[in-house]
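Undergrad: Protein chains in written order, with our numbering: chain A, 1145 to 1303; chain B, 1145 to 1303. Yeah, the Cβ is synthetic: ideal placement off N, Cα and C, and Gly gets one too. Would you mind keeping the following structure in view while I ask a few things?
There are 2 protein chains.
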Amino acid sequence: MVYTVGEISKKLGIPASTIRYYDKEGLLPFVERSSGGIRMFKEDDIPGLEIIECLKKTGMPIKEIKHFIDYCVEGDSKIDERLSIIEAQKNAVIKQMKEMQSMLDMLNYKTWYYQTAKEAGTCAIHDRMDLKDVPKKYHRYKLPKSSAIIPMTSKTVSW
Amino acid sequence: MVYTVGEISKKLGIPASTIRYYDKEGLLPFVERSSGGIRMFKEDDIPGLEIIECLKKTGMPIKEIKHFIDYCVEGDSKIDERLSIIEAQKNAVIKQMKEMQSMLDMLNYKTWYYQTAKEAGTCAIHDRMDLKDVPKKYHRYKLPKSSAIIPMTSKTVSW
DNA sequence: AGTTGACTTAAAGTTAACTTTAAGTTGTAG
DNA sequence: CTACAACTTAAAGTTAACTTTAAGTCAACT
């Protein structure tokens, strides 16, 4: 079974223009052509496209993906280099996931904050709220109760 | 305690030019100015900058962040809208994390693949390998053993 | 053989998010 | 009062990753 660029585009959910762009950037040296110059994607090409997608989705720039592909085409003499690239990317993903988790923690706090504000009808509930009424997991986000008199000219906003 | 743009830049690890750009895009309407026009960041502005960072790091475009900030400045009348935005972003982050996890799964497989290939000195070990010698968690990535005779003209690559 | 839809390329255009530059102003230290 | 580092703005420049356009070619069908 072989696919044209339009067919593989549908199959993978990637625009055909994007696939052509990747080819132009040297990411698809393994894709063969018909005698008339039409790209013919084989079943065996799909894992290659999937690893490209994986690296792209995890934030690797096209040029770096090309280096990896170049090593793959070079064959067994570049196994070490390929392993290093994959391991580095794995660590990058772990780091990204940790960051995502801490952003999610903050969004969970904000969700609680606005749900509480919604019930009370005002964000000011949080200025008045005592730390003991805030769930423990959200303590680190809570600002100390301000005793300052906020001037009318200040652009203070409740988040 | 107040900070100039350079000071807040150091404190948050964001380039001063980026902070000025955010201000120009309307993300920082709450930042006051000295009589001479110098930005003066208050302690109270830091949570605002942190929520902006959180939304940015989780992929929200600057223009959408501006909408959220606009609602914050509008005050208690826009609590519902703010809650909706935060909840939508929370769901977006959950989705991103699931995607990241599946990319990580693939990178773990690739790590195993190249470690094994490194020991064997060739990626061809995987073409010869029986499914029973592949750890169960990696079965879904394993291609069936090809019995086809690969022509010398084919650009087949081992990934 | 002709039509037609999908393919080809090179080149130009788009977008987001900054960054840099240039010319000028502010504010602190001596 | 002067020097000077850090601030200000508007405008132009940068980069990555596509997308679009235009002009032409391929191949399947009648």
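Is the region 1208-1217 of chain B touching the region 1184-1191 of chain A in the sense that three or more CB pairs, one from each, lie closer than 8 Å?
TA: The answer is no - the region 1208-1217 of chain B does not touch the region 1184-1191 of chain A, with fewer than three Cβ pairs under 8 Å.
Undergrad: Can you have a look at Leu1104 (chain A) and say buried or exposed, based on whether 16 or more other CB atoms are within 10 angstroms of its CB?
TA: One cannot answer for residue 1104 (chain A) here, as it falls past the ends of chain A, which runs 1145 to 1303.
Undergrad: What in chain A is Cβ-close to Lys1286 (chain B), meaning under 8 Å?
TA: The contacting residues do not exist; Lys1286 (chain B) stays about 10 Å from chain A at best.
Undergrad: Using the beta-carbon of each residue, which ones in chain A are nearer than 7 Å to Ile1230 (chain B)?
TA: Residues of chain A passing the Cβ test: Leu1251, Lys1254, Thr1255 and Tyr1258.
Undergrad: Note down, in chain order, each residue of its chain lying with its Cβ closer than 8 Å to the Cβ of Pro1159 (chain B), except the 5 sequence neighbours on either side.
TA: Cβ within range, chain order: Ser1153.
Undergrad: Output yes or no for whether 8 Å exceeds the beta carbon distance between Thr1148 (chain B) and Arg1177 (chain B).
TA: Cβ distance not < 8 Å, so Thr1148 (chain B) and Arg1177 (chain B) don't count as in contact.
Undergrad: What are the partner residues of Val1237 (chain B), as DSSP defines its beta bridges?
TA: The partner list for Val1237 (chain B) (beta bridge, DSSP) is empty, contrary to what the question assumes.
Undergrad: Using a Cβ-based criterion (distance less than 7 Å to any ligand heavy atom), does Glu1231 (chain A) qualify as near the ligand PLP?
TA: The ligand content of the structure shown is nil, which means the ligand PLP is not present either.
Undergrad: Is the number of C-beta pairs between the region 1200-1213 of chain B and the region 1233-1241 of chain B that are closer than 8 Å three or more?
TA: Yes, they touch.
Undergrad: Rounded to whole angstroms, what's the CA-CA distance from Thr1260 (chain B) to Gln1240 (chain B)? Just pull it up for me.
TA: Rounded to the nearest angstrom, the two C-alpha atoms are 30 Å apart.
Undergrad: So, for His1283 (chain B): in the same chain, excluding its five sequence neighbours on each side, which residues have a beta-carbon less than 7 Å away from its beta-carbon?
TA: Result list for His1283 (chain B): Leu1275, in chain order.
Undergrad: Between which two residues does the alpha helix (DSSP H) carrying Arg1164 (chain A) extend?
TA: Taken as a continuous stretch (DSSP letters only), the alpha helix (DSSP H) holding Arg1164 (chain A) covers Ala1160 to Lys1168.
Undergrad: Mind listing, in chain order, the continuous alpha helix (DSSP H) runs of no fewer than 4 residues lying wholly within the region 1176-1243 of chain B?
TA: The qualifying runs are 1190-1201 and 1206-1218.
Undergrad: Say whether chain B places a C-beta atom closer than 8 Å to the C-beta of Gly1170 (chain A).
TA: No - not a single Cβ of chain B is within 8 Å of the one on Gly1170 (chain A).
Undergrad: Is the region 1263-1282 of chain B in contact with the region 1244-1253 of chain A, if contact means three or more CB pairs nearer than 8 Å?
TA: Contact fails: fewer than three Cβ-Cβ distances are below 8 Å.
Undergrad: Find the nearest neighbour of Val1146 (chain A) within the set A:Asp1167, A:Val1175 and A:Glu1169, judged by alpha-carbon distance.
TA: Of the listed residues, the one whose Cα sits closest to Val1146 (chain A) is A:Val1175.
Undergrad: Is Ser1221 (chain A) buried or exposed, if buried means 16 or more other CB atoms sit within 10 Å of its CB?
TA: By the 10 Å Cβ count, Ser1221 (chain A) comes out exposed.
Undergrad: Would you call the CB atoms of Leu1199 (chain B) and Ile1209 (chain B) closer than 8 Å?
TA: Taking 8 Å as the Cβ cut-off, Leu1199 (chain B) and Ile1209 (chain B) qualify as a contacting pair.
Undergrad: List the residues that DSSP assigns as beta-bridge partners of Val1146 (chain B).
TA: Per DSSP, B:Lys1186.
Undergrad: So Leu1275 (chain A) contacts chain B; which residues on that side make the cut at Cβ distance below 8 Å?
TA: Ordered by position in chain B, no residue passes the 8 Å Cβ test against Leu1275 (chain A), which lies about 16 Å from the chain.
Undergrad: Below 7 Å CB to CB, which residues in the same chain sit around Glu1169 (chain B) once its five sequence neighbours on both sides are set aside?
TA: So the list reads Ile1206 and Lys1210, once near-sequence residues are dropped.
Undergrad: So, with DSSP's three-state summary, where would you put Met1273 (chain B)?
TA: It is coil, neither helix nor strand.
Undergrad: Would you grab the beta carbon distance between Tyr1166 (chain A) and Leu1172 (chain A) for me? Rounded to a whole angstrom, and I think it's under 8 Å.
TA: Confirmed, about 6 Å.
Undergrad: For Met1315 (chain A), go through chain B and note every residue whose CB falls closer than 8 Å to its CB, in chain order.
TA: In the structure as shown, chain A starts at 1145 and stops at 1303, and residue 1315 (chain A) therefore has no counterpart that could be examined.
Undergrad: Put Lys1266 (chain B) into one of helix, strand or coil per three-state DSSP.
TA: At residue 1266 (chain B) the sequence reads Thr, which differs from the Lys that was named. If DSSP states are grouped into helix, strand and coil, Thr1266 (chain B) belongs with coil.
Undergrad: Does the Cβ of Arg1226 (chain A) have 16 or more other Cβ atoms within 10 Å, making it buried, or fewer, making it exposed?
TA: Buried, by the Cβ-count rule.
Undergrad: Any beta carbon from chain A within less than 8 Å of Gly1192 (chain B)'s own beta carbon?
TA: Yes, Gly1192 (chain B) counts as interfacial toward chain A.
Undergrad: Closer than 7 Å, Cβ to Cβ, to anything on chain B: give me those residues from the region 1174-1205 of chain A, in chain order.
TA: Result list: Phe1174, Glu1176, Asp1188, Pro1191, Gly1192, Ile1195, Cys1198, Lys1201 and Thr1202.
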